[in-house]
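As structure tokens, the structure follows; a few thoughts come after it.
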Amino acid sequence: MTSRTPIRDRDRDRDRGRHHNRRAARPAVLAVLAAAAVLLSGCSASDGGHDRSSGTAQEGGRGSRGGNPAPAPAQGAPGTADRADGKAQGEDDGRRTEAPPADYLSTFALDVDTASWGYARRTLADGNLPDPRTVRPEEFVNSFRHHYRQPDGNGFSVTVDGARTDAADWSLMRVGLATRADLGHDRRPPAALTFVVDISGSMAEPGRLDLVRKSLDLMTDRLRGDDSVAVVAFSGEAQTRLPMTRLDGNRKRVHEVVDRLRPTDSTNVEAGVTRGYDIAVEGRRAGATNRVVLLSDALANTGTTSADALLERIDGARRDHGITLFGVGVGSDYNDAFMERLVDKGDGHTVYVSDEEEARRVFCDELPAQVELRARDAKAQVSFDPRNVERFRLIGYDNRRVADDSFRDDSVDGGEVGPGHTVTALYAVRLRPGASGHVATATVRWLDPDGRSPHEESGRVEASALTGASWEQAAPRFQVTVAAAYLASSLRERGGGWEAVPGAVGLGRLSEITARLAERTEDPEVRQLSEAVRDARRLLS
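Using the numbering used here, the letters of the sequence shown correspond one by one to residues 10 to 550.
Set out below in structure tokens:
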């Protein structure tokens, strides 16, 4: 593939001490499901994170841990580190020509969203190529199980491993972070969930409002009796269909409200979100998990159609009342950037669902981890050793970058991570000739969800882990990580302005690799990856 100028964030390079830009808008509808899923009884969480380690591209390994973590290594000597910072989606095409920053630190807020992958897979299956601006490589990578070792207690394990590529002197390094799985359906705090449901005309398309109704019915049956729900419906206006109501003895009433949801006319997201937060604040329960869940295709066409007018309201409810926002995206056409910005400001997450089977998987496996929290304002910082590293590049996380000197500034917003979550960051690393010994140390810092006390955990990797086997001979889950990143690279760099990931193989070869991985892992999600690669190959040929 032809190498192109990397997408970068010009504003951040001019002012690296500013508060980092968080995600642009994403499919809002799926985030809602996320809040619901955690509440489902009888559903098990997704594979949790597993490993704080140094090692080769294998599942497992060990790392360092201490009660009083040492500071992350200071900024190294000037070099030619290549950190492809990216422009927040929806601002412009993100191109820049400035020289990369001369340091050996990489700092970013954690991100557990998966909506970009879900929507890209749906678009490819429908015979279309996704808009390159909606392709976020970190969300492709984070959509698959990685089998990192879970930590013994609250907080994170850290895995650092790698493998070489076929590109001269380039290797791929994986940083894997994982939290412990949840404590079980009966041990979590009660939930107070306000569902804000888009019933505009665009939601009449099959796979939108009908899927939302089925999902809400499923969730209502699985929530506990001490949980509470409210329902707000919006089109041209917003209506409270159900005030905050305890489920014990009222499930039939909730089902009746959900079943009466029918599509009408225009889409006034502003009215829906504003009313939803009003209801959530009024019905807020102390000691409970208070969430607004937005289910929509985000195709706003009346009221305020810019996310900016809603951000202050969402941010105020988050700060003053601890109410966060989850977005659940549906539909073959939706405003990814608009929804992502809303959910980002609400300290929430987004997911995307396209069919009933996927909705069940999201509710039972993925979304339970998005109601409870293991960590607040979580950030990661990777320190590269300038003696062994010539260049490096973080793949994705373009609008999650944080100024390096803000890593331990706990007033700077990070990511919120729930139980059983894994977060993966993939780096392309160019080693110096004859490199040996220490290559990088990865440190994650987070705040305890209750007391907000800070904690850190670290892991490191040696050059031998990055120069041994090729990524195609590495452990299967490492290969899945790389294959997802290479697919995202193919879809994103075709629009120009984004540099292909070093060592990327053609889609023909990638199709062979992913087909083999699907058969070897017997994982339906890996099979979906294989199908998406096949579809992309056909459309790009």
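All C-beta atoms in this analysis are idealised placements derived from N, C-alpha and C, irrespective of residue type, glycine included. Note that the structure is predicted; figures quoted are calculated from it, not measured.
8 Å Cβ shell around residue i - same chain, five flanking residues per side excluded
i      : result
Val535 : Phe153, Val489, Thr523, Leu526, Ala527
Gly162 : Arg189
Arg260 : Thr229, Asp230
Leu548 : Leu133, Gly136, Asn137, Leu138
Ser539 : Ser520, Thr523, Ala524, Leu526, Ala527
Val290 : Ala326, His330, Ile332
Gln482 : Ala172
Closest residue to residue i among the options (Cα-Cα distance)
i      : options                        : result
Thr431 : Asp135, Val144, Arg183, Asp178 : Arg183
Phe243 : Asp457, Val398, Val205, Glu265 : Val205
Val241 : Asp356, Ala134, Asp207         : Asp207
Thr203 : Leu304, Arg197, Glu279, Val169 : Leu304
Pro458 : Asp268, Thr273, Ala297, Glu265 : Ala297
Thr276 : Ser209, Val301, Ser392         : Ser209
Leu270 : Ser224, Ala492, Tyr406         : Ser224
Glu366 : Pro428, Val144, Leu227, Arg300 : Leu227
Asp268 : Thr452, Val221, Ser467, Asp274 : Val221
Thr450 : Gly443, Ala472, Arg441, Pro442 : Ala472
Leu475 : Ala493, Gly443, Arg461         : Gly443
Arg439 : Arg400, His447, Arg322         : Arg400
Asn408 : Leu114, Asp112, Tyr113, Pro146 : Pro146
Asn299 : Met253, Arg262, Val263, Pro160 : Met253
Pro533 : His447, Arg370, Thr452, Val421 : Arg370
Same chain only: Cβ atoms within 6 Å of residue i, ignoring 5 sequence neighbours per side
i      : result
Thr116 : Gln390, Val411, Asp413, Phe416
Asp356 : Arg327, Thr333, Glu425
Ala387 : Leu119, Gly423, Gly424, Val426, Trp455
Gly75  : In this prediction, Gly75 has a pLDDT of 34, which is less than 50 and means its spatial position is unreliable; nothing more can be read from the coordinates.
Pro78  : Caution is warranted here: a pLDDT of 37 is assigned to Pro78, below 50, making its placement in the model unreliable, and the coordinate value is therefore given only provisionally. Hits under 6 Å: Glu465.
Gly85  : Residue placement at Gly85 is flagged as unreliable, the pLDDT there being 34, under the threshold of 50; the coordinate-derived value follows with that caveat. For Gly85, where only same-chain residues beyond five positions count, the Cβ hits under 6 Å are Tyr113, Pro395.
Pro199 : Asp235, Asp236, Ala297
Ser445 : Ala472
Own chain residues within Cβ distance below 7 Å of residue i, not counting five before or after
i      : result
Arg130 : Gln537, Ala541
Ala545 : Leu133, Leu496, Ser499, Leu500, Leu516
Pro463 : Asp419, Arg454, Leu456
Pro595 : The structure shown does not extend to residue 595, since the chain is modelled only from 10 through 550, so no value can be given for it.
Gln67  : Reliability of the predicted coordinates at Gln67 is poor, the pLDDT of 41 falling under 50, and the value obtained from them is presented with this limitation in mind. Asp170, Ala484, listed in sequence order.
Met212 : Leu218, Pro272, Asp306
His264 : Asp226, Thr229
Inter-residue CB distance, residue i and residue j (contact presumed, cutoff 8 Å)
i      : j      : result
Arg543 : Ser520 : 5 Å
Ser237 : Ala201 : 5 Å
Arg604 : Glu381 : For residue 604 there is no data in the structure shown, the boundaries of the chain being 10 and 550.
Arg469 : Val169 : 6 Å
Ala239 : Gly292 : 6 Å
Asp9   : Asp287 : Outside the shown range of the chain, which is 10 to 550, sits residue 9, and nothing can be said about it.
His155 : Gly185 : 6 Å
Gln172 : Ser550 : Note that residue 172 is Ala in the sequence shown, not Gln. That pair is no contact at about 28 Å.
Lys354 : Leu320 : 5 Å
Gly331 : Leu351 : Their Cβ separation, rounded to whole angstroms, is 17 Å, which puts Gly331 and Leu351 out of contact at 8 Å.
Asp122 : Gly429 : In fact, because the Cβ distance is near 16 Å, the residues do not count as touching under 8 Å.
Glu466 : Gly164 : 6 Å
Val301 : Gly325 : With 8 Å as the limit, Val301 and Gly325 do not qualify as a contact, their Cβ atoms being about 13 Å apart.
Ala434 : Tyr406 : 7 Å
Val266 : Ala493 : Actually they do not touch by this definition, with Cβ atoms about 39 Å apart.
Arg322 : Thr283 : 6 Å
Ser392 : Leu181 : About 18 Å separates the two Cβ atoms, so there is no contact after all.
Thr143 : Asp345 : 5 Å
Segment contact flag, the region 384-399 with the region 246-253, C-beta cutoff 8 Å, min 3 pairs: no
Three-pair Cβ contact test at 8 Å for the region 216-229 versus the region 326-344: yes
Contiguous alpha helix (DSSP H) assignments of at least 4 residues, all confined to the region 430-516: 472-476, 485-502
Runs of beta strand (DSSP E) lying entirely within the region 245-304, each at least 3 residues, in chain order: 247-255
Minimum length 3: unbroken beta strand (DSSP E) runs contained in the region 152-197: 165-173, 179-188
Whole beta strand (DSSP E) elements within the region 193-236, 3-residue minimum: 200-207
Alpha helix (DSSP H) runs wholly inside the region 325-378, at least 4 long, in chain order: 345-354, 365-370
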